[in-house]
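Engineer: The structure follows.
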Amino acid sequence: MSELAVEITGLKKSFGTLDVLKGIDVRVERGDVVCIIGPSGSGKSTLLRCVNLLEEPTGGTIVVNGTELTDPDVDIDAARTRIGMVFQSFNLFSHLNVLNNLMVAQRKVLKRDAKQAQEVALRNLERVGLSDKVNAMPGQLSGGQQQRVAIARALSMDPDVMLFDEPTSALDPELVGDVLGVMRQLADEGMTMLVVTHEMQFAREVADRVLFMDGGYVVEEGPAEQVIGAPQHERTQSFLARVLDPTHQGPRST
Amino acid sequence: MALSKRQRAKVFRVSQYALLVVVAAVLAVVADWSEIQRSFFNLDIAAEMFPNVITVALKNTLVYTALGFAFGLALGLVLALMKLSPVGPYRWLATIYIEFFRGVPALLVFIALSFGVPLAFGLQFDIYSTVMLALGIVGAAYMAETIRAGIQAVPKGQIEAARSLGMSHGRTLLTVVIPQAFRIILPPLTNELILLTKDSSLIYIIGLARDQYELTKFGRETLSRSPSLTPILVVGLCYLLITLPLGHLSRYLERRTGGKKISTPESTGLGVSA
Numbered sequence: 001m002s003e004l005a006v007e008i009t010g011l012k013k014s015f016g017t018l019d020v021l022k023g024i025d026v027r028v029e030r031g032d033v034v035c036i037i038g039p040s041g042s043g044k045s046t047l048l049r050c051v052n053l054l055e056e057p058t059g060g061t062i063v064v065n066g067t068e069l070t071d072p073d074v075d076i077d078a079a080r081t082r083i084g085m086v087f088q089s090f091n092l093f094s095h096l097n098v099l100n101n102l103m104v105a106q107r108k109v110l111k112r113d114a115k116q117a118q119e120v121a122l123r124n125l126e127r128v129g130l131s132d133k134v135n136a137m138p139g140q141l142s143g144g145q146q147q148r149v150a151i152a153r154a155l156s157m158d159p160d161v162m163l164f165d166e167p168t169s170a171l172d173p174e175l176v177g178d179v180l181g182v183m184r185q186l187a188d189e190g191m192t193m194l195v196v197t198h199e200m201q202f203a204r205e206v207a208d209r210v211l212f213m214d215g216g217y218v219v220e221e222g223p224a225e226q227v228i229g230a231p232q233h234e235r236t237q238s239f240l241a242r243v244l245d246p247t248h249q250g251p252r253s254t
Numbered sequence: 255m256a257l258s259k260r261q262r263a264k265v266f267r268v269s270q271y272a273l274l275v276v277v278a279a280v281l282a283v284v285a286d287w288s289e290i291q292r293s294f295f296n297l298d299i300a301a302e303m304f305p306n307v308i309t310v311a312l313k314n315t316l317v318y319t320a321l322g323f324a325f326g327l328a329l330g331l332v333l334a335l336m337k338l339s340p341v342g343p344y345r346w347l348a349t350i351y352i353e354f355f356r357g358v359p360a361l362l363v364f365i366a367l368s369f370g371v372p373l374a375f376g377l378q379f380d381i382y383s384t385v386m387l388a389l390g391i392v393g394a395a396y397m398a399e400t401i402r403a404g405i406q407a408v409p410k411g412q413i414e415a416a417r418s419l420g421m422s423h424g425r426t427l428l429t430v431v432i433p434q435a436f437r438i439i440l441p442p443l444t445n446e447l448i449l450l451t452k453d454s455s456l457i458y459i460i461g462l463a464r465d466q467y468e469l470t471k472f473g474r475e476t477l478s479r480s481p482s483l484t485p486i487l488v489v490g491l492c493y494l495l496i497t498l499p500l501g502h503l504s505r506y507l508e509r510r511t512g513g514k515k516i517s518t519p520e521s522t523g524l525g526v527s528a
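Structural data, given as structure tokens:
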């Protein structure tokens with residue numbers, strides 16, 4: 001089955017006079033893992049946030065699982081329940097414990113009954129290896145644990161697509177592995193994933209395709225081993241050189 | 255003999271203590287202790303006030319305050335949401351309301367409700383409605399600004415997370431924003447409760463039946479029969495029974511929430527990346 005899960009056509013986004021996305025086309029097939037890499041300010045987070053309309057696109061169309069999100073009449077709240085999002089800063093609901101973080105949207109949005117919501121929550125908590133933290137408050141967890149709970153919270157809505165916005169960028173280095181491990185497992189289970197990341201190793205091993213973005217455009221895209229292993233474009237090469245071997249680079253001239 | 259700076263400071267400090275001791279000693283000798291006891295600590299008068307000062311007056315003060323606070327909180331929440339509304343006229347109305355009722359004395363509102371409204375509209379509120387409306391109307395003006403600040407202090411990421419899970423704007427407000435905002439503003443709200451406790455005394459301007467007396471009225475009434483400051487002292491202590499624990503509660507809550515400042519909504523853009 002090679003149906004399109006996400007289809008982005010001619011996507012543009014401006015903040016005032018600042019053009020952040022200048023015409024992006026992306027196609028993600030069901031079950032694919034697509035990693036988006038690029039320097040900061042290249043628009044990769046904005047692109048991801050457009051996919052569930054946290055940012056309103058200025059132009060272009062976004063279709064997720066056959067639903068055009070950019071249609072003005074679309075029920076965006078309903079559409080968002082099918083799109084899981086994981087944030088850089090976790091954003092667990094700080095006034096709710098772990099279980100309720102996982103249950104609240106199931107109960108209030110999907111209208112699941114308490115028993116079913118709890119079953120789903122516990123199952124997903126087990127998937128991320130945090131069954132023992134059911135009653136913990138977010139503040140009592142490490143960053144890595146919080147992020148895994150955030151992933152479980154998104155999974156509890158049974159999404160078709162998962163968006164990850166730099167999920168490990170706010171973590172201490174020794175906690176990054178736990179989160180990447182969960183994401184890798186998710187990819188192995190066939191989840192469709194769009195991942196904005198600086199973890200080149202992860203992109204290389206897990207991604208089916210890698211997009212390199214710079215200056216509001218997708219500069220290069222292709223299989224991971226090609227884009228990361230043998231980049232064709234000069235800007236991709238210099239970016240990867242800085243990321244993969246930061247100690248041998250002089251200060252940027254620009 | 256030249257004193258060093260530190261020695262001079264010490265002499266100065268010691269002389270302050272000496273002065274205090276002398277003043278206290280003089281007052282103790284000069285004072286007419288029996289007179290003071292008669293006027294401030296007349297145990298007979300105090301004993302006569304019990305148990306009604308507790309069972310009627312303190313209870314009524316608590317009831318009046320609770321009514322006013324509950325109404326004020328609800329109205330304050332509505333005003334805060336109006337102030338944050340994208341609809342201009344809502345914002346203007348809320349601003350006018352807040353500015354007006356923060357600017358006029360609470361006593362004026364009591365007078366308006368108990369004498370003005372009956373004259374103008376032929377409406378006569380009972381005592382509970384009057385105190386609830388008057389205290390609530392004034393309290394809401396103060397609480398609205400606090401609640402607004404609390405709502406704005408909820409990190410943007412919490413709202414984005416809720417929306418990304420498919421919650422509507424209203425559902426997000428109800429389930430995520432307002433519960434968190436109230437956690438943030440619990441300390442200032444406790445202070446507001448203290449202020450309302452004291453303002454509940456303004457109900458005295460309405461004619462009260464004996465079982466409707468609150469603390470201040472009860473003290474005044476006892477005073478008219480017993481020429482001594484004792485009744486005032488007793489009801490004053492009763493107010494402290496309410497306000498001191500509330501003050502401690504407020505400071506405790508402030509410590510627990512880490513003394514987060516709520517006046518700077520800009521400090522909440524945590525982790526928003528390009």
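Going down the list, the protein sequences come from chains A and B.
Our numbering puts the first sequence at residues 1 to 254.
Our numbering puts the second sequence at residues 255 to 528.
We put the beta carbon where it would ideally sit given N, CA and C, even for glycine.
1. What's the C-alpha gap between L130(A) and V86(A)?
2. Of the choices I299(B), R425(B), A366(B) and L333(B), whose alpha-carbon is the least far from that of G393(B)?
3. By the 7 Å beta-carbon criterion, what residues does the region 51-65 of chain A contribute toward chain B?
4. Quick one: is N135(A) buried, meaning 16 or more other Cβ sit within 10 Å of its Cβ, or exposed?
5. Around the Cβ of L377(B), are there at least 16 other Cβ atoms within 10 angstroms (buried) or fewer (exposed)?
6. Quick check for students: name the residue ranges of the alpha helix (DSSP H) that lie wholly in the region 310-353 of chain B, counting only runs of 4 or more.
7. Pick helix, strand or coil for G404(B), following the three-state DSSP scheme.
8. Sort out for me which residues DSSP pairs M213(A) with in a bridge.
9. Just checking my contact of F93(A) with N101(A) at CB under 8 Å: how many whole Å lie between their CB atoms?
10. Just to confirm, are D61(A) and V20(A) a CB contact at a threshold of 8 Å?
11. Report the option in F375(B), I350(B), E353(B) and F379(B) whose CA atom is closest to the CA atom of F364(B).
12. Determine, using beta carbons only, whether A435(B) and A407(B) come nearer to each other than 8 Å.
13. If you draw a straight line from the C-alpha of V120(A) to the C-alpha of S368(B), how long is it?
14. Look up M183(A) in the DSSP assignment and say whether it is helix, strand or coil.
15. Around the Cβ of V26(A), are there at least 16 other Cβ atoms within 10 angstroms (buried) or fewer (exposed)?
16. Are the CB atoms of V28(A) and L4(A) nearer to each other than 8 Å?
17. For A300(B), which of helix, strand or coil comes out of DSSP?
18. Taking a cut of 7 Å between CB atoms, which residues from the region 210-227 of chain A lie near chain B?
19. Is there contact here, the region 159-166 of chain A with the region 103-122 of chain A, by at least three beta-carbon pairs under 8 Å?
20. Report yes or no: is there a C-beta of chain B within less than 8 Å of the C-beta of T81(A)?
21. Could you work out which residues of chain B lie near H95(A), taking near to mean beta carbons separated by less than 7 Å?
22. Measure the C-alpha to C-alpha separation of I432(B) and L447(B) and round it to an integer number of angstroms.
23. For G31(A) and D188(A), what's the separation of their Cα atoms in angstroms?
24. Determine the DSSP secondary structure at E29(A), reduced to helix, strand or coil.
25. Between the Cα of K410(B) and the Cα atoms of L54(A), F15(A) and M193(A), which residue gives the shortest distance?
26. In chain order, what residues of the same chain have a beta carbon less than 6 Å from the beta carbon of I381(B), not counting five sequence neighbours either side?
27. Is V176(A) close to chain B? Criterion is C-beta to C-beta, closer than 8 Å.
28. So is I270(A) buried or exposed if we call it buried at 16+ other beta carbons inside 10 Å?
29. Under 8 Å, Cβ to Cβ, is there at least one residue of chain B near V134(A)?
30. Suppose you measure from the CA of D75(A) to the CA of Y217(A); what does that come to, to the nearest Å?
31. Among T470(B), P372(B) and G330(B), which residue has its Cα nearest to the Cα of A348(B)?
32. Under 8 Å, Cβ to Cβ, is there at least one residue of chain B near K108(A)?
33. Is there at least one Cβ from chain B nearer than 8 Å to F239(A)'s Cβ?
34. In its own chain, which residues sit with a C-beta less than 8 Å from the C-beta of M183(A), not counting the 5 before and 5 after it?
35. Confirm, please, whether the CB-CB distance from L462(B) to Y493(B) is below 8 Å.
36. Please classify D214(A): is it buried, with 16 or more other beta-carbons within 10 angstroms of its beta-carbon, or exposed?
Structural biologist: The structure says:
1. Here residue 130(A) refers to the residue found at position 130 of the first sequence. Here residue 86(A) refers to the residue found at position 86 of the first sequence. Straight-line Cα distance between these residues: approximately 17 Å.
2. By 1-based counting over the second sequence, the position of residue 393(B) is 139. Among I299(B), R425(B), A366(B) and L333(B), the Cα nearest to that of G393(B) belongs to L333(B).
3. N52 and L54
4. One-based indexing of the first sequence puts residue 135(A) at position 135. With fewer than 16 Cβ atoms within 10 Å of its Cβ, N135(A) is classed as exposed.
5. Counted from its first residue, the second sequence places residue 377(B) at position 123. Its Cβ having fewer than 16 others within 10 Å, L377(B) is exposed.
6. 313-337
7. For the purposes of this step, residue 404(B) is identified with residue 150 of the second sequence, where counting begins at 1. Three-state DSSP puts G404(B) in a helix.
8. One-based indexing of the first sequence puts residue 213(A) at position 213. Answer is V218(A), bridged to M213(A).
9. To locate residue 93(A), count along the first sequence from 1; it is residue 93. To locate residue 101(A), count along the first sequence from 1; it is residue 101. About 5 Å separates the two Cβ atoms, so the contact holds.
10. As a working note, residue 61(A) is residue 61 in the first sequence. As a working note, residue 20(A) is residue 20 in the first sequence. It should be pointed out that residue 61(A) corresponds to Thr in this sequence rather than to Asp. Contact: no.
11. Counted from its first residue, the second sequence places residue 364(B) at position 110. Minimum Cα distance to F364(B) is reached at F379(B).
12. In the second sequence, residue 435(B) corresponds to position 181, counting from 1. In the second sequence, residue 407(B) corresponds to position 153, counting from 1. Cβ distance < 8 Å, so A435(B) and A407(B) count as in contact.
13. Your numbering for residue 120(A) matches position 120 in the first sequence. Your numbering for residue 368(B) matches position 114 in the second sequence. Each residue's alpha carbon lies about 57 Å from the other.
14. Working through the first sequence from its first residue, we reach residue 183(A) at position 183. Looking at M183(A) - three-state DSSP - the assignment turns out to be helix.
15. Locating residue 26(A) in the first sequence gives position 26, counting from the first residue. The residue in question, V26(A), is buried, as its Cβ has 16 or more Cβ neighbours within 10 Å.
16. Against the first sequence, residue 28(A) aligns to sequence position 28. Against the first sequence, residue 4(A) aligns to sequence position 4. Yes; because the gap between Cβ atoms is below 8 Å, this pair is in contact.
17. Position 46 of the second sequence holds residue 300(B). In the structure shown, A300(B) sits in a helix (DSSP, three-state: H, G or I).
18. none
19. no
20. Within the first sequence, residue 81(A) is the residue found at index 81, counting from 1. It does: the Cβ of T81(A) has a partner Cβ on chain B nearer than 8 Å.
21. Locating residue 95(A) in the first sequence gives position 95, counting from the first residue. Those are P433, Q434 and R437, listed as they occur along chain B.
22. For the purposes of this step, residue 432(B) is taken as residue 178 along the second sequence, with counting starting at 1. For the purposes of this step, residue 447(B) is taken as residue 193 along the second sequence, with counting starting at 1. Going from the Cα of I432(B) to the Cα of L447(B) covers about 19 Å.
23. Position 31 of the first sequence, counted from the first residue, corresponds to residue 31(A). Position 188 of the first sequence, counted from the first residue, corresponds to residue 188(A). Their backbone Cα atoms lie some 9 Å apart in a straight line.
24. Here the question's residue 29(A) lines up with position 29 in the first sequence. If DSSP states are grouped into helix, strand and coil, E29(A) belongs with the strands.
25. For this step, residue 410(B) is matched to residue 156 along the second sequence. Of the listed residues, the one whose Cα sits closest to K410(B) is L54(A).
26. Indexing the second sequence from 1 puts residue 381(B) at position 127. If we look at I381(B) and ignore the five residues flanking it on each side, its Cβ neighbours are Q466.
27. In the first sequence, the residue the question calls residue 176(A) occupies position 176. It does not: the Cβ of V176(A) has no partner Cβ on chain B nearer than 8 Å.
28. Look at the range of chain A in this structure, 1 to 254, and you will see that residue 270(A) is not part of it.
29. By one-based count along the first sequence, residue 134(A) stands at place 134. Judged by the 8 Å Cβ criterion, V134(A) is not in contact with chain B.
30. By one-based count along the first sequence, residue 75(A) stands at place 75. By one-based count along the first sequence, residue 217(A) stands at place 217. Going from the Cα of D75(A) to the Cα of Y217(A) covers about 29 Å.
31. The sequence position of residue 348(B) within the second sequence is 94, counting from 1. Cα-wise, what sits closest to A348(B) is G330(B).
32. Working through the first sequence from its first residue, we reach residue 108(A) at position 108. For K108(A), the answer is yes, since a Cβ of chain B falls inside 8 Å of its Cβ.
33. Along the first sequence, read from residue 1 onward, the residue named residue 239(A) stands at position 239. Closer than 8 Å: no.
34. Reading the first sequence from its first residue, position 183 is the one you call residue 183(A). Here the set comprises I151, F164, P167, M193, V195, F202 and V206.
35. Here residue 493(B) is taken as the residue at index 239 of the second sequence, counted from 1. Here residue 462(B) is taken as the residue at index 208 of the second sequence, counted from 1. Result no, Cβ atoms of Y493(B) and L462(B) do not sit closer than 8 Å.
36. Residue 214(A) sits at position 214 when you count from the first residue of the first sequence. Answer is buried; the Cβ neighbour count reaches 16.
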